[in-house]
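Visitor: Before we start, here is the structure in question, set down as structure tokens.
Numbering (this note's numbering), first residue to last: 17 to 389.
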């Protein structure tokens with residue numbers, strides 16, 4: 017579809033809506049020009065040649081203007097009664113396709129640049145930035161070059177969402193959050209079963225918390241304990257990556273109703289939560305099921321401020337306790353212990369070769385030198 021076709025589609029939609037309002041508001045004006053306008057535009061307008069569509073659009077706009085003026089006259093004292101249809105700048109403001117607060121926002125399509133307005137008139141649209149010179153209103157966006165761009169303009173898209181109310185998004189970078197779906201269920205990275213990410217928990221626990229990490233661009237990564245959430249090509253979400261690459265980067269989109277949506281930048285698909293708790297990155301636009309609320313939470317268990325973090329590097333031999341309530345401080349030998357979910361006695365093949373010595377797996381406890389057995 018060319019840019020001209022896109023512009024024509026937008027204009028025809030506006031005129032069709034205007035004709036519907038005019039027909040309903042004043043069917044007696046000149047025999048009902050609203051119906052004639054529908055006939056002029058036709059149901060198959062999008063298949064007509066571009067030059068004919070432009071002629072029809074010009075005639076349709078003139079017809080709508082004349083009918084609107086007549087309707088307004090009737091509303092001010094003619095036989096039609098009622099308030100009538102008011103016109104402003106040649107457009108029918110009685111058509112409630114756009115919210116009043118979005119009057120200065122941009123239409124969607126390649127011909128419209130929203131780099132200055134930083135907002136969109138159409139529903140489901142987001143003003144996505146390509147570069148510092150150009151942005152446009154789209155339903156979603158894929159980071160990188162777009163093959164449908166004209167060849168002379170085929171440069172990478174950053175896909176940064178622009179927002180007229182803020183210079184940055186609301187992502188609490190560096191903080192730990194919970195995410196709740198439109199259906200009231202918490203997003204959780206399952207401890208088992210392949211670390212699948214779902215939205216099926218009634219209450220939040222440690223596995224329903226994610227640390228929001230800032231990346232070198234405008235994207236964020238979601239860390240679930242030691243692993244990053246990955247957006248797979250088929251839409252599956254798993255918390256099983258140890259480093260951030262392309263599939264671990266998410267675009268944080270602020271919605272006008274205070275909710276947020278998460279877009280996988282390499283696929284252009286939004287996270288979608290079903291009423292049954294299934295969470296996949298498979299939506300092309302933002303609807304209710306693609307909206308989430310978030311809340312910042314404490315990422316450590318109460319009373320464990322002086323305890324150790326989990327992972328191979330932190331040594332809990334001295335603290336003998338762990339900040340994560342699901343972790344236990346397991347001893348390897350008299351020199352080293354670390355916080356783990358479980359422990360296998362003996363050598364661990366994932367230990368560095370120079371430190372591949374047996375684990376005793378003795379649990380340490382800061383409140384006692386021995387266990388309670």
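Every residue gets a Cβ at the ideal spot worked out from N, C-alpha and C, and that includes glycine.
Source: prediction; values computed, not measured.
1) Report all residues from its chain with a CB closer than 8 Å to the CB of residue 383; omit the five preceding and five following residues, and keep chain order.
2) Could you pull the start and end residues of the beta strand (DSSP E) that residue 225 belongs to?
3) Given that a residue counts as buried once 16 or more other Cβ atoms are within 10 Å of its Cβ, and exposed if not, what is residue 234?
4) DSSP three-state call for residue 263: helix, strand or coil?
5) What is the DSSP secondary structure of residue 170, counted as helix, strand or coil?
6) Given this structure, state the Cα-to-Cα distance separating residue 278 from residue 269, to the nearest angstrom.
7) Can you check whether the CB of residue 366 is closer than 9 Å to the CB of residue 373?
8) Which residue spans inside the region 324 to 363 form an unbroken beta strand (DSSP E) run of at least 3?
9) Leaving out the 5 sequence neighbours to the left and right, which residues in its chain are closer than 7 Å to residue 251 when beta-carbon positions are compared?
10) For residue 240, which beta-bridge partners are listed by DSSP?
11) Return the bridge partner residues of residue 145 from the DSSP annotation.
12) Can you name the start and end residues of the beta strand (DSSP E) that residue 299 belongs to?
13) Using 9 Å as the threshold, is the C-beta distance between residue 325 and residue 340 below it?
14) What number of angstroms, rounded off, separates the C-alpha of residue 215 from the C-alpha of residue 308?
15) Taking only beta-carbon atoms, is residue 250 less than 9 Å away from chain D?
16) Would you call the region 183 to 202 in contact with the region 229 to 246, where contact means no fewer than 3 C-beta pairs closer than 8 Å?
17) For residue 149, which residues of its own chain have a beta-carbon under 8 Å away from its beta-carbon, when the five flanking residues on both sides are left out?
18) Between which two residues does the beta strand (DSSP E) carrying residue 217 extend?
19) Just how far apart, CA to CA, sit residue 338 and residue 290?
20) Apply the 10 Å Cβ neighbour rule to residue 177 and answer buried if 16 or more other Cβ atoms are within range, or exposed otherwise.
21) Which residues in the same chain as residue 386 place their Cβ atom closer than 6 Å to its Cβ, once the five residues preceding and following it in sequence are excluded?
22) Along the chain, where does the beta strand (DSSP E) containing residue 128 start, and where does it finish?
23) With a 10 Å radius around its C-beta and 16 neighbouring C-beta atoms as the bar for buried, classify residue 208 as buried or exposed.
24) Among 310, 272 and 262, which residue has its Cα nearest to the Cα of residue 188?
25) Only counting the same chain, and skipping five residues up and downstream in sequence, which positions put a Cβ closer than 7 Å to that of residue 276?
26) Whole angstroms is fine: what's the gap from residue 129's alpha carbon to residue 151's?
27) Name the DSSP bridge partner or partners of residue 254?
28) Rounded to a whole number of angstroms, what is the C-alpha to C-alpha distance between residue 377 and residue 371?
Guide: Taking the definition as stated:
1) none
2) 225 to 230
3) buried
4) helix
5) coil
6) Straight-line Cα distance between these residues: approximately 6 Å.
7) For the 9 Å CB-CB criterion, residue 373 and residue 366 do not form a contact.
8) 344 to 349 and 352 to 356
9) 285, 296, 297 and 298
10) 243
11) 151 and 176
12) 295 to 299
13) yes
14) Going by the C-alpha atoms only, they are around 10 Å apart.
15) Going by chain labels, chain D is absent from the structure shown, which holds only one protein chain.
16) yes
17) Around residue 149, the same chain offers 131 as residues with beta carbons nearer than 8 Å, after the five sequence neighbours per side are excluded.
18) 213 to 217
19) Their Cα atoms are separated by approximately 35 Å.
20) The residue in question, residue 177, is buried, as its Cβ has 16 or more Cβ neighbours within 10 Å.
21) none
22) Per DSSP, residue 128 belongs to no beta strand (DSSP E) and is neither H nor E.
23) exposed
24) 310
25) 186, 268, 269, 270, 308 and 310
26) Rounded to whole angstroms, residue 129 to residue 151 spans 5 Å at the Cα level.
27) 212 and 246
28) Approximately 15 Å, taken between the alpha carbons.
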